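Residue numbers (our numbering): 97 to 912. Even glycine gets a Cβ: it sits at the ideal position worked out from N, Cα and C. These numbers were taken from a predicted model, which means no experiment stands behind them. Structure first, commentary second.
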C-alpha cells in the first residue's frame, strides 16, 4: 500500500478518476502504462485541473514529465508561484459594411490586373505571331517575354512605393482602406516570378529594391516573401533557410501590426522557423530548425537558441565550413540566371506555344477567328482530345523527368563534400531539388501502397519495405532524394521535410539523413542529417528533432525543444489484430483497390479541369479575333472566369465525393473502409483556395466546403483539413500558414474530432490546432504553436509554445 496522499494529491486523483471513469486512482499508478491513458485523456485532465481554483495549473509537459499523481503533485509543489496568466484584450467588434466594401475593392483590383494582363497578352501574341520564320518568332518572343518579365517584377515595386511609400511600425484594422493598400502590395508580391529566384543573389537585390536593408553576402533560401520590407534588416553573411517566415507584420485580433525584424551579421536562421515582429538576433546568433522567436524576443550576439518559444542552447547549427564565394561569383550567377530566363525559358514558352498552335491542324481550326463554331460538336471534341493528350503527356513525361533526369546529375555531387554557393555544383543541386520535389506525384500516390514505388523511383532508400498501405502521406520534400533513408516499418504522415543539405552564406554540403525502422512521424516535421533518433520512435507533430545527446530509441518525442513521452498507449494497439497475418493481407488488398479508385478519381478530376480550361481558353482566343483592347478585355475576363470556375468546380467535386454530408468524429483502423473513403477526400485538389487569402471570398469558399465559418473572419492563409469538422466564430484572425487539423493518424489508428474556435480568436503564423480542441472567445494562440489534441483554451487566454501552454506575463521571451 502506498503512502497516504496529501491534499493536492487527493484532489488531483479525484479529478483524474472523473476523467478516466474509475472509482479511485492509486497515487503511484503510471498514467500511461498502468491506467492506459493517452494524450487526449490527459489533455482533458489538464483542462479540468485548470478550472479548479484550489489546484495549480497543469500542462501536458508537466504530465509527461511526472506521470503519476504523487510525482505530479510533488513537481507542482516545488514550482515557484507562477505569475498570473496573460490575458488577451477583447477584440473590437467588426463592421459588416467595411468587410463588404473591402471585398468589392479587392475584386476591382483583381479585375483591373486581369484586364491589363489580357490586353498585354493579346497584343503581345499578335506581335509574336506576326514573325516570319523560327528565328524571328524566337527574337520577338525573347523581346516580348523579357519585357513582360521585367514589367511583372517591377509592378510590385512601383505599387509599394506609390500606395505605401516606406513601411513604418504601425497598426491598422483589417478590411480598412489601409488594409486594401497593404493587401494589394502583398498580392502583387505573391504573384511575382521573382519568388522563383529565392536562393539566388537576384532575390536579395529585389528585396533591396523594395526597401529592405540587406548587407553583403546574404543568402535567403525561403520562398516566404516579407511584405513590409522597409522593416527588415539583415547583416552581412547571414543565411536564412527554406520554409522560414519573417513577414515583418502580424495579424492579431482583427488588426495588422507591422514591426521590425533585425538580423545581425553572420546570423543563421534554420528551417521551419518563425521570426515574429520586433525580434532581434545579434551578430553570429543562431536559431535552430523548427523554432520561433516571439514578438520582441532577442538572441544576443553569438548566442544560440532553439525551440518554440526559443530558449538558449549549446547546439551549433552551423555545420558546414565556409568556402570562397566572392561578390563577382554572386554577380555572375545572378546574371546567368537572368539571361537564362529572358533568352531561354521565356522564349521557349511563348515561341514554343505559338509553334505548336500553328503546326497542329486541329488547333488551327480551334483558333480560327473566322469560324467561331463554339456551338459545334467538333470544337469540343477537338478540345477534349487535345486536353487528354496534353494531360497524359504531362503525367508520363513528368514522371520520367522526375525519376530519370535527376539521376543523370547525381554523379556530379558527392556526399559530405563542401561546395561553394553560386557555382556549377550549386546549380546542379537546385536542379535536382526542383525536379524531384514535384508535388503532383506524391499527392497522387501518397496515403497508399504506391507511394513506396514512387519514392523509390525518385531515389529514396527505403530498404526492405514493410508495406502498410500508408507508409507516407501526400507531402514529402527533400534537398536530394539520393541521401534519404527510411527504415522498414516506418510510417510518415504529411509535411515531412528531409533536411539532408547544410548551408552557410557561402557554402553547402549534402549528407545522408536516416530515419530508423519502426518509427512513426507526425505532421510538419523537419528531419535533419544527424538527427539523434534511432529505432522504434514516435516523433510527434511539429517536433524539433534533436541534434545532440544520445540516440533515442523506443520512446516518443514531443515539442520544441523536444522531451520524451511514451512510445505508444493502449488505444494505439486496439486494432493490432488487423495488422497481422492473413487479415492484414486481406485488408491491404481491399485498401489498395480503394486507393486505386481514389487515384483514378484524382487523375480524372484533374483532367476534366484541364479540359474545361482548354475550352475556355480556346473560346477566348477564338472570340478575340485581333480586336485590340476589346479582345484583350475578353482574355482578361476569361482569366477571371477561369479562377471562378476552378473554385466552383473543386468545391462541387469535394462535396460530391463527401456525399453532401458532414463528417462525423471517428476512431478506427486505417484498414477500415471508412478511412479509405476519408482518404479520398484528401485527393481532391485544394491549392486554389490560397489564391483568396486575405479576402472575404475565402470565407465564402470555406462555407461552401462545409466549414461552419463565422462572420468577418480574416483568413490570411490558413488551411483546414476536415472542413465539416471545424467551427470558427465571428471576427476571428487566422494568420498565414496556420493549420486547423481535425484528425490524427498514429501507427495505423485514425482519429478525428470536432474543433471549435470561438468568436474573436487569433491564431499566430505557422500555428497548428489539433483535433478535439476548444478555444474560448477572444483566445490568442502564439506563432508556431502546437495546440495539442483535446486542449481547452479559456476565453481571453493567451497560449503559446510547442506544446502550447498558458503564457505568463505580457510577452514570452527567450531565456538568456
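Tell me which residues share the same chain as residue i and place their Cβ nearer than 8 Å to its Cβ, disregarding the 5 neighbours each side in the sequence.
{"i": "residue 281", "result": "252, 255, 256, 259, 260 and 323"}
{"i": "residue 612", "result": "583, 586, 629, 630, 631, 632, 633 and 649"}
{"i": "residue 735", "result": "210, 213 and 214"}
{"i": "residue 272", "result": "194 and 198"}
Helix, strand or coil: how does DSSP classify residue i here?
{"i": "residue 72", "result": "This structure cannot speak to residue 72, because the chain is shown only from 97 to 912."}
{"i": "residue 836", "result": "strand"}
{"i": "residue 895", "result": "strand"}
{"i": "residue 604", "result": "strand"}
{"i": "residue 695", "result": "helix"}
{"i": "residue 847", "result": "strand"}
{"i": "residue 541", "result": "helix"}
{"i": "residue 401", "result": "strand"}
{"i": "residue 373", "result": "coil"}
{"i": "residue 390", "result": "coil"}
{"i": "residue 107", "result": "helix"}
{"i": "residue 112", "result": "helix"}
{"i": "residue 528", "result": "helix"}
{"i": "residue 189", "result": "coil"}
{"i": "residue 912", "result": "A caution first: residue 912 carries a pLDDT of 40, below 50, which makes its placement in the model unreliable, though a value can still be read off. Three-state result, residue 912: coil."}
{"i": "residue 670", "result": "coil"}
{"i": "residue 678", "result": "helix"}
{"i": "residue 652", "result": "strand"}
{"i": "residue 509", "result": "coil"}
{"i": "residue 167", "result": "helix"}
{"i": "residue 883", "result": "strand"}
{"i": "residue 867", "result": "coil"}
{"i": "residue 611", "result": "strand"}
Between which two residues does the beta strand (DSSP E) holding residue i run?
{"i": "residue 514", "result": "514-516"}
{"i": "residue 493", "result": "Element bounds for residue 493: not the beta strand (DSSP E) but the alpha helix (DSSP H), 473-499."}
{"i": "residue 598", "result": "597-599"}
{"i": "residue 624", "result": "621-624"}
{"i": "residue 552", "result": "No beta strand (DSSP E) holds residue 552; the alpha helix (DSSP H) holding it covers 546-554."}
{"i": "residue 358", "result": "357-359"}
{"i": "residue 139", "result": "Segment 135-146 is the alpha helix (DSSP H) holding residue 139; no beta strand (DSSP E) there."}
{"i": "residue 659", "result": "659-661"}
Could you tell me the boundaries of the alpha helix (DSSP H) in which residue i lies?
{"i": "residue 241", "result": "229-259"}
{"i": "residue 774", "result": "769-778"}
{"i": "residue 274", "result": "273-286"}
{"i": "residue 161", "result": "156-161"}
{"i": "residue 268", "result": "Premise fails: residue 268 lies in the beta strand (DSSP E), 267-269, not in any alpha helix (DSSP H)."}
Since residue i contacts residue j with CB under 8 Å, what's their CB separation in whole angstroms?
{"i": "residue 874", "j": "residue 856", "result": "5 Å"}
{"i": "residue 224", "j": "residue 450", "result": "6 Å"}
{"i": "residue 747", "j": "residue 816", "result": "Incorrect: roughly 13 Å between the Cβ atoms, too far for contact."}
{"i": "residue 131", "j": "residue 169", "result": "Incorrect: roughly 16 Å between the Cβ atoms, too far for contact."}
{"i": "residue 400", "j": "residue 382", "result": "4 Å"}
{"i": "residue 415", "j": "residue 512", "result": "Going by Cβ atoms, the distance from residue 415 to residue 512 rounds to 11 Å, so no, they are not a contact pair."}
{"i": "residue 555", "j": "residue 532", "result": "7 Å"}
{"i": "residue 820", "j": "residue 802", "result": "4 Å"}
{"i": "residue 599", "j": "residue 317", "result": "7 Å"}
{"i": "residue 617", "j": "residue 588", "result": "5 Å"}
Within its chain, find whatever has a CB closer than 6 Å to the CB of residue i; leave out the 5 residues flanking it on each side and keep chain order.
{"i": "residue 909", "result": "Confidence in residue 909 is poor, its pLDDT being 41 and thus under 50, which makes the residue's placement unreliable; the coordinate value appears in the next sentence. Cβ neighbours of residue 909 beyond the five flanking positions: 393."}
{"i": "residue 691", "result": "544"}
{"i": "residue 644", "result": "411"}
{"i": "residue 114", "result": "none"}
{"i": "residue 104", "result": "169"}
{"i": "residue 550", "result": "537 and 541"}
{"i": "residue 610", "result": "581"}
{"i": "residue 595", "result": "367, 622 and 624"}
{"i": "residue 203", "result": "none"}
{"i": "residue 242", "result": "438"}
{"i": "residue 347", "result": "812, 829 and 831"}
{"i": "residue 160", "result": "661"}
{"i": "residue 593", "result": "573 and 622"}
So that I know if they touch, is there some Cβ in chain C lying closer than 8 Å to that of residue i?
{"i": "residue 393", "result": "Looking at the structure shown, chain C is missing, and only one protein chain is on hand."}
Looking only at its own chain, which residues have a Cβ that is under 7 Å from the Cβ of residue i, when we skip the five neighbours before and after it?
{"i": "residue 353", "result": "267, 345, 346 and 373"}
Quiz prompt | Every unbroken beta strand (DSSP E) inside the region 293-351 [3 residues or more] | solution = Listed in chain order, they are 328-330 and 345-348.
Quiz item: Curious, which full-length alpha helix (DSSP H) runs of at least 4 residues does the region 405-449 contain?
Solution: Scanning the region 405-449 for uninterrupted alpha helix (DSSP H) segments of 4 residues or longer gives 423-436, listed from N- to C-terminal end.
Practice problem: List in chain order: all unbroken alpha helix (DSSP H) runs of 4+ residues lying wholly within the region 780-814. | Solution: Those alpha helix (DSSP H) runs which fall completely within the region 780-814 and span 4+ residues are 792-801.
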